[in-house]
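In the numbering used here, the protein residues as written are 19 to 147.
Now the structure itself:
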């Protein structure tokens, strides 16, 4: 298959300038990368730990909507580690999202998401008529 490209002698020069200015004028001060996270499992819950240095309890909002756990952190951009991030997790049917607890200590946010107890279902015989 052949491709035909129109020759534009100044096209690449202008696109290089555009990329240069786009990068230099980008607002990187308000950007905060997603915090590092680690999951581990206990007998009764999932535990999620996130590194959120520089964030106070008031800077973090945690919501649960339709089994989606959303974490939003926002601080003024002029503070160290300032900026905004958002993370979301879809919770499975085997966890109790409404009983989730959160604790912020020394720049580490720890979420404990309890599991629902496993209910053993006995097989049922169905009579054939």
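Every residue, glycine too, gets a C-beta built ideally from N, C-alpha and C. Given the structure is predicted, the values throughout are model-derived calculations rather than measurements.
Rounded distance between the beta-carbons of residue j and residue i, thought under 8 Å
i           : j           : result
residue 130 : residue 63  : 5 Å
residue 91  : residue 102 : 7 Å
residue 118 : residue 89  : Residue 118 to residue 89, Cβ: 11 Å. No contact.
Coarse secondary structure for residue i, derived from DSSP in three states
i           : result
residue 128 : strand
residue 134 : coil
residue 101 : strand
residue 83  : strand
residue 123 : strand
residue 110 : coil
residue 91  : strand
residue 59  : strand
Contact set for residue i: own chain, Cβ-Cβ below 8 Å, skip 5 residues either direction
i           : result
residue 114 : 131, 132, 133, 134
Neighbourhood of residue i by C-beta distance below 7 Å, restricted to the same chain and skipping five residues each side
i          : result
residue 77 : 91, 92, 93
Exposure of residue i, with buried meaning 16 or more beta-carbon neighbours within 10 Å
i          : result
residue 73 : buried
residue 53 : buried
Delimiting residues of the beta strand (DSSP E) encompassing residue i
i          : result
residue 67 : 63 to 69
Beta-carbon proximity list for residue i, same chain, < 6 Å, skipping 5 on both sides
i          : result
residue 58 : 65
residue 56 : 67
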